[in-house]
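Asker:
2 protein chains.
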Amino acid sequence: MEAMPYSRPALIALLRRHGIAPTHQRLEIAQVLFARCQHLSAEQILAQVNERHAETSKATVYNTLKLFCERGLVREVIVDPKRVFYDPNTSPHHHMYNIDSGEITDIPAESLSLNAMPELPEGMVTEGVDIIVRVRTPDAVGQGRLG
Amino acid sequence: MEAMPYSRPALIALLRRHGIAPTHQRLEIAQVLFARCQHLSAEQILAQVNERHAETSKATVYNTLKLFCERGLVREVIVDPKRVFYDPNTSPHHHMYNIDSGEITDIPAESLSLNAMPELPEGMVTEGVDIIVRVRTPDAVGQGRLG
DNA sequence: TTTCTGAATTAGACAAAGTCCAATCATTGA
DNA sequence: TCAATGATTGGACTTTGTCTAATTCAGAAA
Chain R
1 MEAMPYSRPA LIALLRRHGI APTHQRLEIA QVLFARCQHL SAEQILAQVN ERHAETSKAT
61 VYNTLKLFCE RGLVREVIVD PKRVFYDPNT SPHHHMYNID SGEITDIPAE SLSLNAMPEL
121 PEGMVTEGVD IIVRVRTPDA VGQGRLG
Chain U
1001 MEAMPYSRPA LIALLRRHGI APTHQRLEIA QVLFARCQHL SAEQILAQVN ERHAETSKAT
1061 VYNTLKLFCE RGLVREVIVD PKRVFYDPNT SPHHHMYNID SGEITDIPAE SLSLNAMPEL
1121 PEGMVTEGVD IIVRVRTPDA VGQGRLG
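Protein chains in written order, with the numbering used here: chain R, 1 to 147; chain U, 1001 to 1147.
Structure (structure tokens):
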């Protein structure tokens, strides 16, 4: 048994700290999100949560992800027009998105920073800056010799 | 009559230059995109194209936008999980997205640049870097005194 | 001008992601 | 324990986008 940074009691404490009542379903969803720190879509989370026999509905997964976002437990990653991904890492960082595989990886905030911020229109407030580096595996395009 | 940078013959030439046969529908769509240089969704383009009496189908709008993207006439802007926007400005620049109004504005490339690029995994190639500055109008949130 | 052919367009069925609602169920403070 | 508040649920619904087979068009050649 390896390092288990998010045991059940730790998850309960985490939710409580964010003002979230720790229901069974929310704990299951948190478990999936924080176990391996991946970027998952709502559908993937739904599948993983129900895989381990517990029954959680689609509506609850969406409700919970929205709640987790509002309370700053996870962050939405918008890189693919088809679905939103949820990132359990809320510390400042950016993303690399592999167009071919759909894989998302984190880029540490330090390794990629802006040297200027544009002046905002009057009364506007910055909510956040997303930087997305889109990458490809050239072999996967054109006539790669994979055959 | 004001400056008309994209007259019909200019649009025909533009499409031809990108290897696109200038059909009636494609010209209508190009017209809408290039007339005012806005960021429009497929549905907005469909509506605007058909507003001026011409009949163009949904399928054609989607087909055409995909084609325009492939040929580098327009660029997809992915900032809103609900829909893709199309940007007729393909020169290097970034975007400011108003979360409240849904409005997208361009940020000149010069006013916002990266001071380092992360090293890519072996065999990966950068396809592009998107920078999105998400902004809000604080009045629109919380208990603004708008009443 | 007419004919021909591949390309473009079309309506509408379909798919996927996400939302909504009214009914049911759990949690928790007293 | 019990009630009340909040959470969960299934399933219908919406929206954005895709697909397909049939039709129509553009424009080259005669």
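Just so you know, even glycine gets a beta-carbon here, dropped at the ideal spot from N, CA and C.
Excluding five sequence neighbours on each side, which residues of the same chain lie with their C-beta closer than 7 Å to the C-beta of residue 1003/U?
Answerer: Unreliable positioning characterises residue 1003/U in this predicted model, as indicated by a pLDDT of 44, which lies under 50. The coordinate reading is nonetheless provided below. Cβ within range, chain order: n/a, list empty.
Asker: Answer yes or no: does any C-beta atom of chain U fall closer than 8 Å to that of residue 128/R?
Answerer: Chain U contact via Cβ: present.
Asker: Name the residues in the segment 54 to 70 of chain R whose C-beta lies less than 8 Å from a C-beta of chain U; which are they?
Answerer: The segment 54 to 70 of chain R vs chain U, Cβ under 8 Å: nothing.
Asker: How about residue 148/R and residue 1111/U: do their beta carbons lie closer than 8 Å?
Answerer: For residue 148/R there is no data in the structure shown, the boundaries of chain R being 1 and 147.
Asker: What residues match up with residue 1094/U in a beta bridge as DSSP calls it?
Answerer: Paired residues: 1107/U.
Asker: Ends of the alpha helix (DSSP H) at residue 1029/U?
Answerer: Element bounds for residue 1029/U: 1024 to 1035.
Asker: Starting from the beta carbon of residue 1111/U, find every residue of chain R whose beta carbon is closer than 8 Å, and list them in chain order.
Answerer: The answer, in chain order, is 116, 118.
Asker: Should residue 52/R go down as buried or exposed, given a rule of 16 or more other Cβ atoms within 10 Å for buried?
Answerer: Under this definition residue 52/R is an exposed residue.
Asker: Mind listing the chain U neighbours of residue 81/R? Cutoff is C-beta to C-beta under 7 Å, in chain order.
Answerer: Near residue 81/R (Cβ distances below 7 Å), the residues of chain U are 1078, 1084.
Asker: Looking at the C-beta of residue 138/R, does it have a partner C-beta in chain U at a distance below 8 Å?
Answerer: Yes, its Cβ sits closer than 8 Å to a Cβ of chain U.
Asker: Give the DSSP bridge partners of residue 1128/U, in chain order.
Answerer: Its beta-bridge partners are 134/R.
Asker: Roughly how far, in whole angstroms, is the beta-carbon of residue 99/R from the beta-carbon of residue 1081/U, given that I think they are within contact range, below 8 Å?
Answerer: About 17 Å; that fails the 8 Å criterion.
Asker: Comparing C-alpha positions only, which one of 1105/U, 1127/U, 1130/U sits nearest to residue 1039/U?
Answerer: For residue 1039/U, the nearest C-alpha among the options comes from 1105/U.
Asker: Please confirm whether residue 15/R and residue 8/R have their CB atoms less than 8 Å apart.
Answerer: For residue 15/R and residue 8/R, no; Cβs fall outside 8 Å.
Asker: What's the C-alpha gap between residue 1006/U and residue 1034/U?
Answerer: Cα-Cα distance, rounded: 7 Å.
Asker: Mind listing the chain U neighbours of residue 74/R? Cutoff is C-beta to C-beta under 9 Å, in chain order.
Answerer: The premise fails here: residue 74/R is roughly 14 Å from chain U at the closest Cβ pair, so nothing lies under 9 Å.
Asker: Using the three-state DSSP reduction, which class does residue 112/R fall into: helix, strand or coil?
Answerer: DSSP places residue 112/R in coil when its eight states are reduced to three.
Asker: Against chain R, with Cβ distances strictly below 8 Å, would residue 1131/U count as a contact?
Answerer: So, interface residue.
Asker: What residue range is occupied by the uninterrupted beta strand (DSSP E) comprising residue 83/R?
Answerer: First-last of the beta strand (DSSP E) with residue 83/R: 83 to 87.
Asker: Helix, strand or coil: how does DSSP classify residue 1052/U here?
Answerer: Reduced to three states, the DSSP call for residue 1052/U is coil.
Asker: For residue 80/R, write down the residues that DSSP places opposite it in a beta bridge.
Answerer: Bridge partners of residue 80/R: 83/R.
Asker: Would you report the Cα separation of residue 1063/U and residue 124/R, rounded to the nearest angstrom?
Answerer: Whole-angstrom Cα-Cα distance: 36 Å.
Asker: Under a CB-based cut-off of 8 Å, is residue 1104/U close to chain R?
Answerer: With 8 Å as the cut-off, residue 1104/U does not count as an interface residue toward chain R.
Asker: With DSSP as the reference, identify every bridge partner of residue 75/R, one or two as the case may be.
Answerer: DSSP lists 87/R as partners of residue 75/R.
Asker: Among the residues of its own chain, which have a CB less than 8 Å from the CB of residue 74/R, if the five just before and after it don't count?
Answerer: Closer than 8 Å at the Cβ level, and outside the excluded window around residue 74/R, lie 33, 65, 68, 86, 87, 88, 90.
Asker: How many angstroms separate the CA atom of residue 1107/U from the CA atom of residue 1101/U?
Answerer: If I take the Cα positions, the gap works out to 17 Å.
Asker: Against chain U, with Cβ distances strictly below 8 Å, would residue 19/R count as a contact?
Answerer: It does not; no Cβ of chain U falls within 8 Å.
Asker: Any idea what DSSP makes of residue 40/R, helix, strand or coil?
Answerer: The answer is strand: DSSP assigns residue 40/R an E or B state.
Asker: If we cut at 8 Å on Cβ distances, does residue 49/R have a partner in chain U?
Answerer: Taking Cβ atoms only, chain U never reaches closer than 8 Å to residue 49/R, which makes this a no.
Asker: According to DSSP, is residue 1013/U helix, strand or coil?
Answerer: It is helical.
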